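So the protein lines, in turn, are chains A and B.
With the working numbering applied, the first sequence corresponds to residues 1 to 428, in that order.
With the working numbering applied, the second sequence corresponds to residues 1 to 428, in that order.
First comes the structure, then the notes that go with it.
There are 2 protein chains.
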Amino acid sequence: MQIESASISQLAEWEKELSTHYERIRQHELNLDITRGKPSAEQLNLSDKLDGILSGDYRAAGGTDTRNYGGLIGLTCARELGADMLQVPTEEVIAGGNSSLTLMYHAVLTGYLFGFAGNTPWRELKAPKFLCPVPGYDRHFTICEQLGIGMINIPVNAQGPDMDLVEKHIREDNEIIGIWCVPKYSNPTGVTYSEETVERLAQLGQIANPGFRIFWDNAYAVHDLGHYVSLPSIRAATLENDTADSVLQFASTSKVTHAGSGVAFVSATGDNLKSLQQQMQAMTIGPDKVNQLRHSRFFTECTSLKDHMRKHADILRPKFDCVLEHLHNGLAGMNLGQWEKPQGGYFVSFNTRPGCAKAVVNLATEAGVKLTPAGATFPYGKDPEDSNIRIAPSFPPLEELDTAMAVFVLCVKLASVRQRLKHLHQKG
Amino acid sequence: MQIESASISQLAEWEKELSTHYERIRQHELNLDITRGKPSAEQLNLSDKLDGILSGDYRAAGGTDTRNYGGLIGLTCARELGADMLQVPTEEVIAGGNSSLTLMYHAVLTGYLFGFAGNTPWRELKAPKFLCPVPGYDRHFTICEQLGIGMINIPVNAQGPDMDLVEKHIREDNEIIGIWCVPKYSNPTGVTYSEETVERLAQLGQIANPGFRIFWDNAYAVHDLGHYVSLPSIRAATLENDTADSVLQFASTSKVTHAGSGVAFVSATGDNLKSLQQQMQAMTIGPDKVNQLRHSRFFTECTSLKDHMRKHADILRPKFDCVLEHLHNGLAGMNLGQWEKPQGGYFVSFNTRPGCAKAVVNLATEAGVKLTPAGATFPYGKDPEDSNIRIAPSFPPLEELDTAMAVFVLCVKLASVRQRLKHLHQKG
């Protein structure tokens, strides 16, 4: 039955049943966590050969002693790995430290303080702003918020960001200087940008402020769950549109090897890389080349990137299936929420009925199931619909996930029914 | 004979001899490098057990899985290592990535963009400035230069920076918001700050802008060459003077284990650490904890910090001796330059006769011996006396260093004699 078809008395009875069930679960004092997109221990085990892989041979091809200082843009063999992940030429890649977020932070900083490729530093504009496809990745938004860069919500549909709206904003406001994109298995919606979306994004450089940059965070470039989904090349599209300078691409091995000790990559045109290096050269003598060498050896001596990611998929698939089954069996056909069926990435994005997300998260928390805070997937933590919840199935063991999802579905029902009851009472 | 006592004809003859010698050396087409303070391969070998030390056990004490995300301030066991190096409580230490320079950059950025502990961000001042003891570390100055922070030279004497001058500037200019200090075996002079200097520095917080911070880069905290030199505690001194917030201390294992893949530390009061964490939390999910664990295990299972540094000293001492012997045997008593005899650190600082440093560096370069560019040890690369040259003996094998120093001494003589001749001709 659709929730809208239920009468007040039907809803009241339903609420009673659900409440009783909920109170019973609260007695169990669960302590489960499906908040962040962290790999599980089983996934991390796949890369445990990293430590010790060098067997005392710390020299990279070409003779570089990776133990010593130097090499601002990273080892060639590490840059090749990044080039492979992003499908770009090695010359266009810098291999950095353990975090692509850090590379993005410094890229925003470069645009903000110094300007890319000779363009006006963003801080000299009156009101520099980023477009933020929503729901999106909270840490992207935090970077803008910290630097006082404005943010404008852009809804994401099945093809990616609403491009009509993106183009409208850019035409109307010359101080839009960036857009955050997670183009493949988007965090959290799981959407992969379509050919048309990528093409239209590539054309933005023709109408935007010349300092405008697309932050192409390809965090899930190789993170398929089984069925391979192809992302159109933003590099090729910008080259065709003579806008190659408008894109900065990012990737990392964080969800490939060990999450906290991987290698991150940024790829861009020569002029952009030069701007990034100018900022970097005041900040560091170079990245951890030893760890870069470990990664390069791992993907030549122990496994291929493709085989390795297949092993991740085998671990992750049952967890995604578990989430989707719970949602389908518990909520389908009742108009209690909407969700995507992602083919990869780390999340299932769930939209409650408008105005219910906070209530669901609170109920789940009270019942011992930690969820990403409602609103976290929006700039300033404000979901105008109070609707989006990001489910991260990767970290907990399957059994715990199963329990957590049962609680989640119950909380969605309970919050929805209570809201509906309240609404009908107010109307009546 | 002192150079001033020589007649024109004596000098001319001397110049001829030296030139002949120099031309003969040029024929050898040397390719030697005593520019940067890099550890030698022999030193790096001391820590080669790092890779593989975990033997598959990636869990830190307390059960933290170091492979995964998280832990912004670093592992406790790594923070303990930093606390040991800086002689401060563990609670006051953040353990970061592979570079203390990066921590310093972000600390300056924190002061500049956001302000420390609620104080005015430096960028909101009209003309924020750092005091820069000179000669000093070029990379400190580059950070200020990149952010447009002004720099004022402060001469360094045998006790540290000229404190009369430091206090005078701070009393006269409320927009002095920092001072760069390498307090032990200073880069490049080798000077260790005296008790009085540390005490007077600790009192600056009482008269300076409340946002003023001492950047205490204790890069050579444990880098004694044999004879242990004690540095008075800046922490203790500021606690006594009620100025504890005025200091940020830095250290790293870069010249302890592997230079490019060590662990860096910052230590400060709770309010300062809070400001640093606010900046960091937008930039990273956490440092490379796997590498932090490696370092912690290395200094418990393989060696102690003290024993390990003794091995470094045994490798470095003959190199410092070589430099000092060449300077003494070639230049003593002739008024051709001045130098220190450091008890630790990575450099020997040499002052030519005023106006000769560039000429010496050029002559040496032409003869195949690379030296740190003249002026590099001063803000904006400008040595007002054109006198200071930083000699870095650590990297080349002893035999190469021996050759390089012979060339260096020859170039000092040649440049000095030519300058003196020119001077006398102009006068005459």
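Ideal placement from N, C-alpha and C gives every residue a C-beta, glycine not left out.
Note that the structure is a prediction, hence the values are computed from the model and not measured.
What distance in whole Å lies between the Cβ atoms of residue j and residue i, which are believed to be in contact at a cut-off of 8 Å?
i, j, result
"E29/B", "G368/B", "6 Å"
"L201/A", "A313/A", "Rounded, the Cβ-Cβ distance is 28 Å, inconsistent with contact."
"E409/B", "L327/B", "Checking the sequence shown, residue 409/B turns out to be Val, not Glu. Right, the Cβ-Cβ distance comes to about 7 Å (below 8 Å), so this counts as a contact."
"L46/A", "G286/A", "L46/A to G286/A, Cβ: 28 Å. No contact."
"I514/A", "E42/A", "As shown, chain A starts at 1 and ends at 428. That puts residue 514/A outside it, with no answer to give."
"M280/B", "H21/B", "With a Cβ gap of about 55 Å, M280/B and H21/B do not count as contacting."
"N218/A", "Q249/A", "6 Å"
"T377/A", "P188/A", "6 Å"
"F114/B", "S246/B", "With 8 Å as the limit, F114/B and S246/B do not qualify as a contact, their Cβ atoms being about 17 Å apart."
"A259/B", "N351/A", "About 51 Å separates the two Cβ atoms, so there is no contact after all."
"M309/A", "V348/A", "Actually they do not touch by this definition, with Cβ atoms about 19 Å apart."
"S459/A", "V290/B", "Any answer about residue 459/A is impossible in this case: the structure gives chain A only from 1 up to 428."
"D402/B", "C302/B", "Incorrect: roughly 32 Å between the Cβ atoms, too far for contact."
Could you check whether residue j and residue i sit closer than 9 Å to each other, using their CB atoms as the reference points?
i, j, result
"F141/A", "C181/A", "no"
"I234/A", "F212/A", "no"
"P379/A", "E92/A", "no"
"G37/B", "Y346/B", "yes"
"S194/A", "G150/A", "no"
"G97/A", "D242/A", "no"
"H169/B", "G344/B", "no"
"P385/B", "G355/B", "The identity of residue 385/B in the sequence shown is Glu, whereas the question assumes Pro. Result yes, Cβ atoms of E385/B and G355/B sit closer than 9 Å."
"L131/B", "I154/B", "yes"
"Q2/B", "M283/B", "no"
"V360/A", "A415/A", "yes"
"V166/B", "P135/B", "no"
"G375/A", "A364/A", "no"
"P318/A", "L398/A", "yes"
"A244/A", "T253/A", "no"
"L81/B", "F299/B", "yes"
"K56/B", "D57/A", "It should be pointed out that residue 56/B corresponds to Gly in this sequence rather than to Lys. Cβ distance not < 9 Å, so G56/B and D57/A don't count as in contact."
"I53/B", "R294/B", "yes"
"V263/B", "A78/B", "yes"
"I94/B", "L101/B", "no"
"S387/B", "R418/B", "no"
"E175/B", "A127/B", "yes"
"L336/B", "I8/B", "no"
"F265/B", "S40/B", "no"
"K184/A", "A221/A", "yes"
Which residues in chain B have a C-beta closer than 8 Å to the C-beta of residue i? List them in chain order.
i, result
"D65/A", "A41, L44"
"Y69/A", "R36, K38, S254, A259, G260"
"K289/A", "G260, S261"
Along chain B, which residues have their Cβ under 7 Å away from the Cβ of residue i?
i, result
"T284/A", "S99, L101, T102"
"G52/A", "D51, G52"
Starting from residue i, find everything on chain A with Cβ-Cβ shorter than 7 Å and list it in chain order.
i, result
"G56/B", "D48"
"K431/B", "Residue 431/B cannot be examined here, being either before or after the span of chain B that is shown, 1 to 428."
Worksheet item: Taking a cut of 7 Å between CB atoms, which residues from the region 81-108 of chain A lie near chain B?
Response: Cβ contacts with chain B come from G97, N98, S99, L101, T102, Y105.
Discussion item. By the 8 Å beta-carbon criterion, what residues does the region 383-400 of chain B contribute toward chain A?
Written reply: From the region 383-400 of chain B, no residue has a Cβ closer than 8 Å to chain A.
Item to complete: Identify every run of the alpha helix (DSSP H) within the region 270-318 of chain A, keeping only runs that are complete inside it and at least 4 residues long; order them along the chain.
Response: Listed in chain order, they are 270-281, 289-297.
Worksheet item: When Cβ atoms are compared, which residues of the region 140-163 of chain B fall closer than 7 Å to chain A?
Response: Within the region 140-163 of chain B, the residues whose Cβ lies closer than 7 Å to some Cβ of chain A are T142, I143, Q146, listed in chain order.
Worksheet item: Which runs of the alpha helix (DSSP H) spanning at least 4 residues fall entirely within the region 50-128 of chain B, listed in chain order?
Response: With a minimum length of 4 residues, the continuous alpha helix (DSSP H) runs that stay inside the region 50-128 of chain B are 76-86, 100-109.
Worksheet entry | Whole runs of the beta strand (DSSP E) within the region 212-273 of chain B, excluding any shorter than 3 residues | Taking only runs of at least 3 residues, the beta strand (DSSP E) segments lying wholly in the region 212-273 of chain B are 213-217, 247-252, 264-267.
Worksheet entry | Runs of beta strand (DSSP E) lying entirely within the region 368-405 of chain A, each at least 3 residues, in chain order | When DSSP assignments are scanned along the region 368-405 of chain A, the uninterrupted stretches of beta strand (DSSP E) that are 3 or more residues long and fall wholly within it turn out to be 388-391.
Worksheet item: What residue ranges within the region 183-210 of chain B form continuous beta strand (DSSP E) runs of no fewer than 3 residues, ordered along the chain?
Response: Counting whole runs of 3 or more residues, the region 183-210 of chain B contains no beta strand (DSSP E) stretch at all.
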